[in-house]
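Working notes, structure below.
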Amino acid sequence: MNITTKILIWMTAGLTVGSLINNFAYNNIIIQNYFVDGLFHVAGSVFINLLKMLVVPLVTFSLLCGVCGIGDISKLGRIGIKAFFLFLLSTALAISLAILVAVNIAPGKSFNFSQGMPDSFTVPETPPITQVFIDLVPSNPVTAFAEGNMLQIIFFTILFAISLLMIGERGRPLIEGAERINDVMMKIVNVVMSIAPYGVFALMAKTFAEQGIGLIMPMIGYFGVVVAVLFCHAMGTLMLLLKFLGRISPVKFLKKMRTAQIFAFSTASSNATIPVTLRTVEKRMGVDNSTAAFIVPFGATINMDGTAIMQGVATVFIANVYGIEIGVTGYLTVIGMSVLASIGTAGVPGVGLIMLAMVFNQIGLPVEGIALIMGVDRLLDMIRTAVNVTGDAVVTAIVAQSENSLSMTVFNDPTAGTLESVHLPHQDAAQH
Ligand code: ASP
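Position one of the sequence shown corresponds to residue 25 (my numbering), numbered consecutively onward.
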C-alpha cells in the first residue's frame, strides 16, 4: 500500500475517532485526559515538531545547493521575479473570486447575533508594511535561523551561496559538503514521512475531538462560501494557470500533490509542510533543485491564496452582519491589503486571522467581528492551508517549466519519487 493511501486511511480514522469523542465522550474525564490531551496531543505535537525540525536545515542546505547549482545570478533573479509576480497574480485572482462570489451570495445578511457570539477578540499587534522590507535583511543571521524567519534565511543563504561561488575553487569542498548534508536531510524527510500516518491520525483525532461539527452550523453560510471558493480556486483558477502558463497536465499534477495537501490539511501550516512540498515538487514532479529550493520556502511565506479567499469572504460576511456598506473602493483596498498582508506574514496556523485584523483596520470594519468567525477558523485553516501549498507548487512548476527546469520524464512517471520503504543500515547490510 502506498504512503498516501495509508495516510488517508489513518486520517479518516482520526477524523472518525475525534468526531465520536466529540459527540459521545466530550465530558468523559478519562478520555479527555488520557487520550485527547494525553496520547493524541503528545503524538500530534511530536509529529509537528519533527516536521518543523527539518524546515530550517532543509531549506538552508537545499537552497545553498540550488543557488550553487544555477551558478548564474541573473537566472536566479529571473526565477525570483517570475515567482513573485505569479504569487501576486494568483493571490489577487483568489481574493477577487472570493469577493465576487461572496457579494453575490451575501452570507451574513440575515445573521442573528443570538446564534452565538463568542466573548471577544483581542486585536493582535500588526506590523506596518514598511517593516516587512526592513525585516528582509537579518541584523543577526543566527537569530534568523533560530527563529526560523524564512525570508531572512533565504536572503542570507542566497548571499552566502553567491559569495561561495565567488571564491571559486576554494569553495568547492563546502558546496560538496552542502550537497551531502542535503541528501541526508532528504533522507530524514523520508523517515518522518514513513511515520506520518500515525502523526496525522493523532492530529485529526485531537482536532475533531475538540471541534465538533455543531460549531459550524450557525456559521454554515460563511463556512460554505469559503469552502466553495477554495475548491473553485484550487481546482479551477490554479489548474487553468498550470495548463495555460505552464502547459502542464493538471490531472497528473493533482495526483502527485495529494500527499503534500494532506500534510498541509493536518498540520494547518505551510511552513511545517515545506519538507513535504519540496520533496513532492523535486522527486515526484521533476522540478530541479535550483528552482524548487528557492520558490517553495519563498511561497510558503509570501503566497497564501487560501488565506486571501477566507479574508475576502470574511470581509463581505462581517460587513453584512453589521450592515456596513463597503463599496468598490473598499473592496479594492481589501484586495490590495490582503495581497500585501500575505507577503508580510509567515505560513503558520491561524495567521490568517491576524492578517484579517490588518485588513479590517484599514477599511474600518469592526475588528471584534472576527470573534464571530473564530469558532470555525481552525477547520477552515486546515482547508485553506492545503490550497496555499497547492498554489506554491503550481507556481514552482510553472516557473520551472518556463526555465526548462522541469523533467517531463519524471513528471509523467506516476511512480517517480514514491516513498521507498525506510531501511535501517543493519537491515541494508543484511540484505547485501
Ligand atoms: N495556516 C495558513 C498557512 O500556514 C495561514 C493561515 O491562513 O492562517 O498557510
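Every residue, glycine too, gets a C-beta built ideally from N, C-alpha and C.
Where do the N-terminal and C-terminal ends of the alpha helix (DSSP H) with residue i fall, by residue?
i, result
"V41", "27-48"
"R282", "274-291"
"R194", "Unbroken run through R194: none, as it is neither H nor E."
"P299", "294-303"
"E171", "165-171"
"I333", "329-346"
"S69", "65-94"
"L124", "97-129"
"Y355", "351-368"
"Y222", "220-234"
"V60", "Segment: none, V60 is in no alpha helix (DSSP H) and carries neither H nor E."
"M382", "375-387"
"V446", "Premise fails: V446 is in no alpha helix (DSSP H) and is neither H nor E."
"K267", "262-270"
"V253", "244-256"
"L396", "394-398"
What number of angstroms, rounded off, separates the C-alpha of residue i from the C-alpha of residue j?
i, j, result
"N313", "D405", "29 Å"
"F341", "C256", "19 Å"
"M263", "F225", "29 Å"
"I387", "A324", "26 Å"
"S218", "L75", "12 Å"
"N344", "G376", "20 Å"
"F277", "D207", "24 Å"
"S163", "G236", "45 Å"
"I272", "F287", "23 Å"
"G362", "V80", "It is worth fixing the name first, because residue 362 is Ser in this sequence and not Gly. Taking the straight line joining both Cα atoms gives about 26 Å."
"N52", "L39", "18 Å"
"G336", "L188", "44 Å"
"I333", "I367", "15 Å"
"Y58", "M77", "26 Å"
"I45", "Y222", "18 Å"
"I397", "I199", "49 Å"
"L113", "Q56", "45 Å"
"L175", "I191", "25 Å"
"A317", "A49", "45 Å"
"T167", "F180", "12 Å"
"F384", "A338", "10 Å"
"G441", "N128", "43 Å"
"G270", "T304", "17 Å"
"V358", "A126", "13 Å"
"L82", "P449", "22 Å"
"V411", "D437", "24 Å"
"L274", "K267", "Reading off the sequence shown, one finds Pro at residue 274, where the question assumed Leu. Cα-Cα distance, rounded: 7 Å."
"T433", "R308", "10 Å"
"K280", "E306", "11 Å"
"M210", "G351", "49 Å"
"Q155", "L403", "31 Å"
"R194", "V446", "36 Å"
"W34", "A229", "10 Å"
Tell me the DSSP bridge mates of residue i?
i, result
"V311", "L430"
Name the residue from the options whose alpha carbon lies nearest to the alpha carbon of residue i.
i, options, result
"P321", "A67, G104, M25, A220", "G104"
"F85", "A202, L377, V400", "A202"
"L110", "Y246, V419, L175, I55", "V419"
"I94", "A185, E171, Q155, I119", "A185"
"A370", "N173, M25, T115", "N173"
"T28", "N214, S43, I326", "N214"
"M379", "W34, A233, D329, G441", "D329"
"L265", "M382, P438, S426", "S426"
"G310", "N164, I422, N47, L377", "I422"
"G101", "A410, L356, T315", "T315"
"F232", "S429, P438, W34, V41", "V41"
"V161", "E392, L183, P152", "L183"
"V372", "F268, S290, V250", "S290"
"G347", "S69, F135, L121", "F135"
"D416", "G245, N327, A365", "N327"
"T36", "A252, L227, I158", "L227"
"V300", "I119, G132, L63, V413", "V413"
"Y355", "I298, A122, E392, L88", "A122"
"I407", "K106, I319, S69, S293", "S293"
"K99", "E234, S429, L63, F435", "S429"
Report whether the distance from the Cβ of residue i to the nearest heavy atom of the ligand NAP is below 7 Å.
i, result
"P299", "Annotation note on the ligand NAP: not contained in the displayed structure, which lists the ligand ASP as its ligands."
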